[in-house]
Each structure stands twice: as structure tokens, then as C-alpha cells.
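Chemist: Going line by line, the protein sequences match chains A and B. With our numbering as the guide, the letters of the first sequence map in order to residues 1 to 291. With our numbering as the guide, the letters of the second sequence map in order to residues 1001 to 1233. Every residue gets a Cβ at the ideal spot worked out from N, C-alpha and C, and that includes glycine. All of these numbers come straight from a predicted model, not from anything done at the bench.
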Amino acid sequence: MSAESLQFVAGGLTTGAIYALVALGFSIIFNASGVINFAQGEFVMIGGMSAATLFASGMALPVAIACAVGAAGIVGLMLAKFAVGRARRADVVTLIIITIGASMLLRGLAQIVWDKRIHALPSLSGHRPVELFGATILPQSLWVLAVTIAVVAMLSWFFGQTRLGKAMLATSYNRLAAELVGIDVRIVLLASFGLAAVLGAIAGVLIAPITFVSYDSGVMLGLKGFAAAILGGLGSFPGAVVGGLTLGLLESLAAGYLSSAYKDVIAFVVMLAVLLVMPGGILGARTSARV
Amino acid sequence: MLEVTRLSSRYGRIPALAGVDLSVGRGELVALVGANGAGKTTLLRVLSGVQPAADGIVRFENSDITGASPRQRVRMGIVQVPEGRQVFGPMTVDDNLRLGAFMRPQRETNAGLDRVYALFPALTNKRREPAGTLSGGQQQMLAIGRALMGKPKLLLLDEPSMGLAPRLVAEIFATIRALKDDAATILLVDQNANAALSIADRAYVLEVGRITLAGRGDELASHPRVRQAYLGL
Ligand SMILES: Nc1ncnc2c1ncn2[C@@H]1O[C@H](COP(=O)(O)OP(=O)(O)OP(=O)(O)O)[C@@H](O)[C@H]1O
Ligand SMILES: [Mg+2]
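(1) From A:G108, A:R163, A:R117, A:A80, pick the residue whose C-alpha is nearest to that of P1105 of chain B; which is it?
(2) What residue does the beta strand (DSSP E) around E131 of chain A start on, and which one ends it?
(3) Taking any heavy atom of ligand 1 as the mark, which residues have a C-beta closer than 5 angstroms to it, listed down the chain?
(4) Taking I282 of chain A as part of the beta strand (DSSP E), name the residues at either end of that continuous run.
(5) Do K224 of chain A and A267 of chain A count as a contact pair if the criterion is CB distance below 9 angstroms?
(6) How about M1162 of chain B: is its C-beta nearer than 9 angstroms to some C-beta of chain A?
(7) Along chain B, in chain order, which residues have C-beta atoms closer than 8 angstroms to that of G182 of chain A?
(8) Decide if the segment 199-206 of chain A is in contact with the segment 34-50 of chain A; the criterion is three or more beta carbon pairs, one per stretch, under 8 angstroms apart.
(9) How many Å lie between A64 of chain A and I210 of chain A at the Cα?
(10) Suppose contacts are defined by Cβ-Cβ distances below 9 angstroms. Is L1043 of chain B in contact with S1009 of chain B by that definition?
(11) Nearest-angstrom Cα distance between P238 of chain A and L283 of chain A?
(12) What residue range is occupied by the uninterrupted beta strand (DSSP E) comprising S33 of chain A?
(13) With DSSP as the reference, please indicate the residues paired to G1215 of chain B in a beta bridge.
(14) Under a three-way DSSP split, which group does L275 of chain A fall into?
(15) Pick out whichever of B:L1164, B:L1047, B:T1212 has its Cα sitting closest to the Cα of I1186 of chain B.
(16) Please name the residue in A:A167, A:A120, A:A208 whose C-alpha comes closest to that of I28 of chain A.
(17) Give the residues of chain A in contact with Q1080 of chain B, contact being defined as C-beta atoms less than 7 angstroms apart.
(18) Using a threshold of 9 angstroms, state whether the C-beta atoms of L1155 of chain B and L1164 of chain B are closer than that.
(19) Mind checking whether the beta-carbon of V1189 of chain B lies closer than 8 angstroms to any heavy atom of ligand 2?
(20) So what's L1168 of chain B in DSSP terms, helix, strand or just coil?
(21) Compute the Euclidean distance between the alpha carbons of F133 of chain A and A261 of chain A, then round it to the nearest angstrom.
(22) Inspect the beta-carbon positions of Y1230 of chain B and L1022 of chain B and report whether they are closer than 9 angstroms.
(23) Going along the chain, which residues of the segment 1086-1097 of chain B sit with their C-beta nearer than 9 angstroms to a C-beta in chain A?
(24) Applying the 10 Å Cβ sphere with the 16-neighbour rule, what's the burial state of V1024 of chain B?
(25) Use the C-beta contact count for W157 of chain A: other C-beta atoms within 10 angstroms, 16 or more gives buried, fewer gives exposed.
(26) Are there three or more Cβ pairs, one per stretch, closer than 8 angstroms when the segment 3-23 of chain A is compared with the segment 166-183 of chain A?
(27) Could you check what DSSP says for S1048 of chain B in three-state terms: helix, strand or coil?
(28) How many Å lie between T287 of chain A and E1129 of chain B at the Cα?
(29) With 9 angstroms set as the bound, which would you pick, yes or no: does the beta-carbon of R117 of chain A sit closer than that to a beta-carbon of chain B?
(30) Express the C-alpha separation of G1056 of chain B and G1209 of chain B in angstroms, rounding to a whole number.
(31) Among A:A90, A:A80, A:V151, A:I137, which one has its Cα closest to the Cα of S5 of chain A?
(32) Can you check whether the CB of L106 of chain A is closer than 9 angstroms to the CB of V69 of chain A?
(33) Is it buried or exposed, R290 of chain A, if we count other Cβ atoms within 10 angstroms and call 16 or more buried?
(34) Would you say P1070 of chain B and V1050 of chain B are within 9 angstroms of each other, going by their C-beta atoms?
(35) How many Å lie between A1122 of chain B and L1168 of chain B at the Cα?
(36) Check the Cβ-Cβ distances between L169 of chain A and every residue of chain B, and say whether any is below 9 angstroms.
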């Protein structure tokens, strides 16, 4: 592989990992409730903006990041409790519209709480690029990949081993049966929004040092994450990771070898192609196989 | 143990139950028979708390549980095997059973698993297989096993023999019988009225949301109206 293509691949994997984290949030909420949460991108923005402003106000970087992720988690819980939870008996379309409204509200609030300017967050370990087989890689890219791997490992432990995780999975497979064994599906809904918000915020604080952050930077990341989730198969966790990395790579290669003008178009082409050709996504056979 | 008084329920504006009175005593096996759409599943759903009661009272062990959540009812010991089995398809047989014990203390789980695998040996070598790959009969055993993991005081069974081959139907009914002999309290709904009535202590006939006949199992099995409408005789 040439140094140039290695460079594109490294860049693609970095943004792909971010998309994967956002896509995981979409799938977790979709599994728990059947809802597509269009406020997922705002969790990313809240994470990045909170971390940037807390750091700018003098907080140590790791503390600012932890507080930002926690704050986004609380916003996620509040969204589940006051908006989605209230309308529990409403149909899924209504709930989806509620999340669209919530995303607009959160962007509006962000302009009031913060401003319309672009904010920066320093990298976790400096900006001096590392040389790797001829490609120059930002240390933050390595952080993005390492943290994403750690998050995926923790999620598979959570869903595979813990009581709450298994309850969430069971609810996604069969809501009625989950209620009949005593699982509180309202707690599952809350937990799914909290978890998705935390994942989004982690994506936000990881990407902010690379791309900056502003009140509306969640819009594009939310859509890209959604495209990644569709590509991998909405509701599938391995699918979210595969979809995210694939989309990141496709974008990076298209921008590198064709024209950077194509970068943002890729996600939408991919999304349309998947919906037309294989609606289940790469790893999403589960929902369609279920009878 | 269970007393249902004037119970009504509806889907939107469509009534499904209209003033049902029914009781189940400790250690009894009570059968509920009725045509398609009579409201049998709706009654069990209301008893489990996954469907609201529009009117009436449900009492369990002398306390009013009409407004209790599904979770509270499972904790009190009302456990349902729902219509159509409803196993957690992609999860293993073992995980399905463990989830059945969701409301029980963890230290009971292994003893519960041993008990279910002893009751249904066919599930033993499928422990690590996804539940969705089991045959219909095995899925029904799993659904019953999952309910037993919740240590039911009152077991609600909705159409446990639906869609099964005759040999398996006999096996499932033999199991229900064994559970009854083991002092379980059971409310059984089944389209196989003949078999259900023959193992029941008492039975009710439900027609369009109302109880129209009640009596001992063998009495109802020989009742002319029941013979004509549900036994095809
Ligand atoms: N989800 C629902 N929405 C609207 N109406 C429903 C719903 N479920 C059941 N009903 C209606 O309520 C009535 C009672 O249905 P229920 O499923 O309780 O009958 P059942 O006795 O269990 O019938 P079956 O033998 O077919 O299982 C029927 O008229 C049915 O059409
Ligand atoms: Mg029914």
C-alpha cells in the first residue's frame, strides 16, 4: 500500500470510528423502542461543546471531558423521560417526530447557552503528527481508534454479561416477553437514551480536536451516523461498527482519489443504495429473518 | 387465590371483555375455553398487567392488584406463558431460562435450571443454541420452562398446544398434568377443549367477552352446548 493510500485509510478509519459510535447510539435506541432518534447528533454536539467551554473556563482536560459526557448522558435521560416517555402510548412515527423536535430545540438551546461561534478542544496528547509507514497520523486519530475499541469492548461486556444489558437485549427481541418476565421496559428505554447520549458525547469529545465544534456540528455527524447504522443494518451492533468504518473509508477514499466535493455525498448515496438494494443492511438480517 | 370481579377491558373503543367473573383456588387447574376472538388472551393479558382493565377488580392472595405493573405481578408470583411462545429468538436456551428468573434471587438460578432441564430433557443438549432454531414443540417447552424459572404461584398458560403435532400435544398436556400433581395452580387456555377439560378441576366458557358457563371440568365436557360448540360432537 502506498503512503498516500495509507494516509486515506487512516483518515477514513478515524472518521469511521466516530460514525460507528454515533451509529451504535441509533441502534441502541432503535432496539429498545423502535424509535429512530434524530437528536443523536445533538448528543455529539453537546459533548463537544461542553468539553470545549469547560476546558476554556480552566478545567483540566480529562475532567472537562468527563463532565461533558456526563452532561450529555443527563440530557439523554431527560429526553427519554419527558419527551419520549410521556408519549409512551403514541405510535413510533409520533415518537420520531418528537425526536426531530428535540433536536431543533437542543440546537436552539445550544445557541443560547453557548453561542454561534466555532470552538476548539485541544488534543488529548499534543498535535505533533506521528510517522507511520510514510503516512502522517495525528495522535488524536490514535486516541479515536483506541477509545472506540475500548467502548465496543465495554458494550459487548455490558450486553453479554450484565443484568441490565441482557434485559435491554431481551426487550429488543421481544417486548411482550420481556414485560412478562418482569423487565421494566421504561427503565430499558431510559437506559438506552442515556447510553446512546454517552456514546454520542464520547464521539463529540474525540472528534472536536480534529474538526472543531459548534452548535450545529451535530447535524451532519448525526446524519452520517444514521447512514452508517442503515448500512450496517439498523439495530445490529456489529453492523453499526462495520457500517461506520465502511462509510468513513468510502468517504476518505472518494475525497482522496476523486474530489473532496464528493465527501458528503457518499453517505447519502450509500444510504439510498442500501435502502434500495439490501434494506436489511450488511449485518441486519436479524429483523427481516424474524417472523 | 385469584378472584376476578366484573372485569372489563377494551382495545381502543372495541370492548374485548365485558364483566368477567372468575376465580382460581390454590392448587386448582382451571381451564378457560371459548371460540376464536372470545377474549381469552385478553383476559390473561389483563391478569399479567400488560393490558389495562377498563373496569372491575383483580384480587390475588387477598390484595387488590388491578393497577399493579407486570413486574409487580411477576414478583408476586403471577407468571404467564404467552400465546405463540414468544421466546427470545436470538438468545440461547440458557439465557432465555435465566431471563425467566429475572425477578428471582440469583442464588436460585442454578437449581431452577436443573429443574427445568430435568422436566424437559429435550432442551438439555440445546442449552447453547439460539431459541429461534428450536422446533415448535421445543420452543413451547422453553416458554413453559422460562415461566417456571419465575417460581410461579399462579401459572397462566395461553394455548400451549397450538400448532403442535398430536404426539407433542399429548406431551405438553402430560407436563401440565405433572405440574398440577406437583401442587401448581394453573389457569389454562386451550383450543383443544377436549384435552383441557379432561385435566381441569373446573372450567369456564367465555363467549364474546362474557362467561356463559362454569362448572367442573368433566361436567362441562359432557354439557350439550360445550360438546356441540367446542368439542365438535
Ligand atoms: N391488539 C388488538 N387490537 C384490537 N383488537 C384486538 C387486539 N387483540 C385482540 N383484539 C380483539 O379482541 C377480541 C378478543 O381477542 P382475544 O385475542 O382476547 O381472543 P382469544 O379468545 O384469545 O382468541 P384466539 O382463540 O384467536 O386466541 C377479538 O375480537 C379481537 O379481534
Ligand atoms: Mg388467544
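Modeler: Once the coordinates are examined:
(1) A:R163
(2) 130-132
(3) B:Y1011, B:A1016, B:N1036, B:G1037, B:A1038, B:G1039, B:K1040, B:T1041, B:T1042
(4) Note, I282 of chain A: premise wrong, no beta strand (DSSP E); not H, not E.
(5) yes
(6) no
(7) P1070, R1071, V1074, R1075, F1102, M1103, G1150
(8) yes
(9) 17 angstroms
(10) yes
(11) 7 angstroms
(12) Note, S33 of chain A: premise wrong, no beta strand (DSSP E); alpha helix (DSSP H) at 3-33.
(13) B:A1203
(14) helix
(15) B:L1047
(16) A:A167
(17) L180
(18) no
(19) yes
(20) helix
(21) 28 angstroms
(22) no
(23) Q1086, V1087, F1088, G1089, P1090, M1091, D1095, N1096
(24) buried
(25) exposed
(26) no
(27) helix
(28) Reliability of the predicted coordinates at T287 of chain A is poor, the pLDDT of 46 falling under 50, and the value obtained from them is presented with this limitation in mind. Using only the alpha carbons, I get a separation of about 19 angstroms.
(29) no
(30) 13 angstroms
(31) A:I137
(32) no
(33) Here R290 of chain A scores only 35 on pLDDT, less than 50, and its place in the model is too uncertain to base an answer on.
(34) yes
(35) 12 angstroms
(36) yes
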